[in-house]
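K.L.:
First the structure, then my questions, so here it is.
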Amino acid sequence: MKTVVIRRTGGPEVLETVEQPIPAPGPGEVVVQAAAIGVGWPDVLIRTGVYKWMPPLPTSPGSDMTGTIAAIGPDVTALAVGDSVLVTARDLKQRGGCYTEYLLVPATAPYRLPAGIDLDSAACLPNYQVAWAMLQESRGQRIPHSIFIAGAAGGVGSAAVQLARHLGMSVIGTVSSSDKAAFARRQGAEHVINYRLEPVLQRVLDITAGRGVDLVLDHVGGAGLIDSLKMLAPWGCVVSYNAVAGAPEANIFAEMRALLSKSLTLRCFSMHSYDAEPERRRKLMTDVISLLDAGAIRPAVGLTLPLSEATEAHRRIEQGNVLGKILLKP
Numbered sequence: 404m405k406t407v408v409i410r411r412t413g414g415p416e417v418l419e420t421v422e423q424p425i426p427a428p429g430p431g432e433v434v435v436q437a438a439a440i441g442v443g444w445p446d447v448l449i450r451t452g453v454y455k456w457m458p459p460l461p462t463s464p465g466s467d468m469t470g471t472i473a474a475i476g477p478d479v480t481a482l483a484v485g486d487s488v489l490v491t492a493r494d495l496k497q498r499g500g501c502y503t504e505y506l507l508v509p510a511t512a513p514y515r516l517p518a519g520i521d522l523d524s525a526a527c528l529p530n531y532q533v534a535w536a537m538l539q540e541s542r543g544q545r546i547p548h549s550i551f552i553a554g555a556a557g558g559v560g561s562a563a564v565q566l567a568r569h570l571g572m573s574v575i576g577t578v579s580s581s582d583k584a585a586f587a588r589r590q591g592a593e594h595v596i597n598y599r600l601e602p603v604l605q606r607v608l609d610i611t612a613g614r615g616v617d618l619v620l621d622h623v624g625g626a627g628l629i630d631s632l633k634m635l636a637p638w639g640c641v642v643s644y645n646a647v648a649g650a651p652e653a654n655i656f657a658e659m660r661a662l663l664s665k666s667l668t669l670r671c672f673s674m675h676s677y678d679a680e681p682e683r684r685r686k687l688m689t690d691v692i693s694l695l696d697a698g699a700i701r702p703a704v705g706l707t708l709p710l711s712e713a714t715e716a717h718r719r720i721e722q723g724n725v726l727g728k729i730l731l732k733p
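Encoded structure:
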């Protein structure tokens, strides 16, 4: 079988396609034959060696795949050969491992998929799991009716747009180009702001008649995180789930105290919080599987490439010029 491995960290060129024997399942194990393999930023972080939860080298990147059960080990009764499944490394002992044609996993790891579900679409669901978790954990007693989503054309961002609309929220999102603006609108964003051309904070306040939004999902950080606080309505919440621009120079606590009359919340979020709550994490995934099966969400696949072209997939994701999920196909 073909597997993409890295023996050292670095640029896309360190991704290497090798031949390995197809694994045989032992007791309590199954082998999944891949149909679609998701490419995401955690893969890039593993490849470059900066992932906080870095697996030991050599390793195969890749955190998500869909496929079918190819073989089962002794004592496995919950799955059968031919079942369609989703596997995410969030449910494995270590991250990565999915850039391969056949994957050996514990029988407790795969999610059985409903009959007839599109396996390419299902390979996008880990992004929806993240977005769904943030939306569920941040709601509290006051149900948010409006949301601002930074990067509304991104993987998690576009998933959040669809899920927020499903929950009845009014969605404002930011993008960096006209193509991404059109894409975000197709996902359900009602208002789209090009942050390269428009003052984001002022536009949000204008759109909401000065009230602000109930919820912000922010992966950028930097000075934009302060603006996120300033665009909140009373009792609003900012969920910071990454900080690609680093920490803001301003004192966040002082900024929140300056807005004291609004009683705002700032939450730092990571899916790794569920590492100690695996059943709760699995419930989030089964929720979004059900939403996909019901047609309530519609994942967008932007590009498919052969597994052997993982290097090109990584170049594309770093360039940021693909709208929708990048998938590798065995």
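When we follow the working numbering, the leftmost residue of the sequence shown carries the number 404, and every step to the right adds one. Ideal Cβ positions, reconstructed from N, Cα and C, are used throughout, including at glycine. What you are looking at is a predicted structure, and each value in this text was computed from that prediction instead of being measured.
(1) L669 bridges to which residues according to DSSP?
(2) Name the one or two DSSP bridge partners that G443 has.
(3) Quick one, which of T577, E593, V484, P637 has its alpha-carbon nearest G627's?
(4) Let me confirm a value: H622 is counted as buried when at least 16 other C-beta atoms fall within 10 Å, else exposed. Which label applies?
(5) Grab the span of the beta strand (DSSP E) containing K583 for me, first residue to last.
(6) The alpha helix (DSSP H) with Y531 in it runs from where to where?
(7) I550 and L618 look like a contact to me (Cβ under 8 Å); what is the Cβ gap, rounded to whole Å?
(8) Return yes when the Cβ of I440 is within less than 8 Å of the Cβ of R498, no when it is not.
(9) Among E682, V647, L635, which residue has its Cα nearest to the Cα of L669?
(10) I'd like the span of the alpha helix (DSSP H) that includes P461, first residue to last.
(11) Does the distance from the CB of E504 to the CB of Q436 come in under 8 Å?
(12) Give the range of the beta strand (DSSP E) segment to which G470 is assigned.
(13) So what's R515 in DSSP terms, helix, strand or just coil?
(14) Should P602 go down as buried or exposed, given a rule of 16 or more other Cβ atoms within 10 Å for buried?
(15) Go ahead and pull the three-state DSSP assignment for I550.
(16) Around the C-beta of A553, are 16 or more other C-beta atoms found within 10 angstroms, so that it is buried, or is it exposed?
(17) Identify which residue in E422, V407, V479, V447 has its Cα closest to the Cα of P430.
(18) Check whether the region 520-537 and the region 475-493 touch, using three or more Cβ-Cβ pairs below 8 Å as the test.
(19) Report the residue ranges of all beta strand (DSSP E) runs contained in full by the region 591-662; include only those spanning at least 3 residues, in chain order.
(20) Whole angstroms is fine: what's the gap from E416's alpha carbon to P464's?
(21) Verify whether the separation of the beta carbon atoms of A555 and V595 is less than 8 Å.
(22) Taking C-beta to C-beta, are K633 and L604 nearer than 8 Å?
(23) Determine the direct distance from the alpha carbon of G615 to that of N597, and round the result to whole angstroms.
(24) Going by DSSP, what residues sit across from L706 in a beta bridge?
(25) For E682, name the three-state secondary structure that DSSP assigns.
(26) Under 6 Å Cβ to Cβ from L706, same chain only, skipping five residues before and after it: list those, please.
(27) In chain order, what residues of the same chain lie with their CB nearer than 6 Å to the CB of L528, ignoring the 5 residues before and after it?
(28) Which of helix, strand or coil does DSSP assign to Q565?
(29) If the criterion is Cβ atoms closer than 8 Å, does the pair A536 and M659 meet it?
P.N.:
Quick answer:
(1) Along the sequence shown, read from residue 1 onward, the residue named residue 669 stands at position 266. DSSP output for L669 lists V641 as bridge partner(s).
(2) Stepping through the sequence shown from its first residue, residue 443 is reached at position 40. Note: G443 sits in no beta bridge, so no partner.
(3) Position 224 of the sequence shown, counted from the start, is the residue given in the question as residue 627. Nearest C-alpha to G627: T577.
(4) Taking the first residue of the sequence shown as position 1, residue 622 is located at position 219. The residue in question, H622, is buried, as its Cβ has 16 or more Cβ neighbours within 10 Å.
(5) Along the sequence shown, one-based indexing puts residue 583 at 180. For K583, no beta strand (DSSP E) run applies; the uninterrupted alpha helix (DSSP H) run containing it begins and ends at 581-590, by DSSP.
(6) Taking the first residue of the sequence shown as 1, we reach residue 531 at position 128. Run containing Y531: 528-540, per the alpha helix (DSSP H) assignment.
(7) Here residue 550 is taken as the residue at index 147 of the sequence shown, counted from 1. Here residue 618 is taken as the residue at index 215 of the sequence shown, counted from 1. Confirmed, Cβ separation roughly 4 Å.
(8) Position 95 of the sequence shown, counted from the first residue, corresponds to residue 498. Position 37 of the sequence shown, counted from the first residue, corresponds to residue 440. With respect to the 8 Å criterion, R498 and I440 are not classified as neighbours on the basis of their beta carbons.
(9) Here the question's residue 669 lines up with position 266 in the sequence shown. Nearest option by C-alpha distance: L635.
(10) Reading the sequence shown from its first residue, position 58 is the one you call residue 461. That residue, P461, is in no alpha helix (DSSP H); it is neither H nor E in DSSP.
(11) Locating residue 504 in the sequence shown gives position 101, counting from the first residue. Locating residue 436 in the sequence shown gives position 33, counting from the first residue. With contacts defined by Cβ atoms closer than 8 Å, E504 and Q436 form a contacting pair.
(12) Taking the first residue of the sequence shown as position 1, residue 470 is located at position 67. Looking at the DSSP string, the run of the beta strand (DSSP E) that includes G470 is 467-475.
(13) On the sequence shown, position 112 is the one that residue 515 refers to. In the displayed model, R515 falls within a strand according to three-state DSSP.
(14) Counting from one through the sequence shown, the residue named residue 602 turns up at place 199. Exposed is the call here.
(15) The residue labelled residue 550 in the question sits at position 147 within the sequence shown. In the structure shown, I550 sits in a strand (DSSP, three-state: E or B).
(16) Position 150 of the sequence shown, counted from the start, is the residue given in the question as residue 553. With 16 or more other Cβ atoms within 10 Å, it is buried.
(17) Residue numbering aside, residue 430 sits at position 27 when the sequence shown is read from its first letter. Minimum Cα distance to P430 is reached at V479.
(18) Note that the region 520-537 touches the region 475-493; at least 3 beta-carbon pairs, one per stretch, sit closer than 8 Å.
(19) Within the region 591-662, the complete beta strand (DSSP E) runs of at least 3 residues are 594-597, 616-621, 635-643.
(20) By one-based count along the sequence shown, residue 416 stands at place 13. By one-based count along the sequence shown, residue 464 stands at place 61. Approximately 13 Å between the Cα atoms of the pair.
(21) Here residue 555 refers to the residue found at position 152 when the sequence shown is read from its first residue. Here residue 595 refers to the residue found at position 192 when the sequence shown is read from its first residue. Cβ atoms of A555 and V595: closer than 8 Å.
(22) Here residue 633 refers to the residue found at position 230 when the sequence shown is read from its first residue. Here residue 604 refers to the residue found at position 201 when the sequence shown is read from its first residue. Yes, the pair counts as a contact, with Cβ atoms nearer than the cut-off.
(23) Working through the sequence shown from its first residue, we reach residue 597 at position 194. Working through the sequence shown from its first residue, we reach residue 615 at position 212. CA-CA distance, N597 to G615, rounds to 18 Å.
(24) Taking the first residue of the sequence shown as 1, we reach residue 706 at position 303. The bridge partners DSSP lists for L706 are I729.
(25) Here residue 682 corresponds to residue number 279 of the sequence shown, with the count starting at 1. Looking at E682 - three-state DSSP - the assignment turns out to be helix.
(26) Walking along the sequence shown from the start, residue 706 turns up at place 303. Cβ within range, chain order: V725, I729.
(27) Locating residue 528 in the sequence shown gives position 125, counting from the first residue. Apart from the 5 residues on each side of it in sequence, L528 sits with its Cβ closer than 6 Å to the Cβ of V691 in its chain, given in chain order.
(28) Within the sequence shown, numbered from 1, the residue matching residue 565 stands at position 162. Correct three-state label for Q565: helix.
(29) Taking the sequence shown and counting its residues from 1, one reaches residue 536 at position 133. Taking the sequence shown and counting its residues from 1, one reaches residue 659 at position 256. Not a contact, by the Cβ cut-off of 8 Å.
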